[in-house]
Every structure is written in structure tokens, then in C-alpha cells.
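All remarks here apply to the structure that follows.
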Amino acid sequence: MVYKETCTSCGVGLIDEGYSVFLCPNCGNEVIGRCKTCREHSTPYVCDNCGFQGP
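So the number in the working numbering is just where the residue sits in the sequence shown, counting from 1, plus 428.
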């Protein structure tokens, strides 16, 4: 199980329901955290390890 305390996109704490935490789909080495709002709005995120940009 991976763990991240804050949203990678906006920095808000991941405490409310609806957030997601996963490894970077490109490199698999960085933990990405997404709050419910950023997930719903498809707010972009960038992997600090490889520079992959997603939603």
C-alpha cells in the first residue's frame, strides 16, 4: 500500500473521502496523491521523479 499526505496538484491534505493515492503510471517510483476536487476537475499533476504529466 502506498501513502501520501497531500494532493500532488494543489497541496491540500488527503483526509476527506474520494481521494486517490497511486504510483506514477510512467516510472512507478513516485507516489501521486489526488484530492477529490482535483480528480473531479482533472487538474494536472507532475511526477517529481520523471516529469510525467497527467491526469
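By construction, the Cβ of each residue, glycine as well, lies at the ideal position given by its N, Cα and C atoms.
Considering only C-alpha positions, which residue in the set the options is nearest to residue i?
i: Lys464; options: Gly456, Tyr431 and Leu442; result: Leu442
i: Cys478; options: His469, Gly439 and Val459; result: Val459
Is residue j closer than 7 Å to residue i when the C-beta atoms are compared?
i: Phe480; j: Asn457; result: no
i: Arg467; j: Cys435; result: no
i: Thr471; j: Ser448; result: no
Since residue i and residue j are thought to touch, with beta carbons under 8 Å apart, how far apart are those beta carbons, to the nearest angstrom?
i: Val430; j: Leu451; result: 6 Å
Tell me residue i's beta-bridge partners as DSSP assigns them.
i: Thr436; result: DSSP, once it has assigned bridges, lists no residue as partnering Thr436.
i: Gly461; result: Val449
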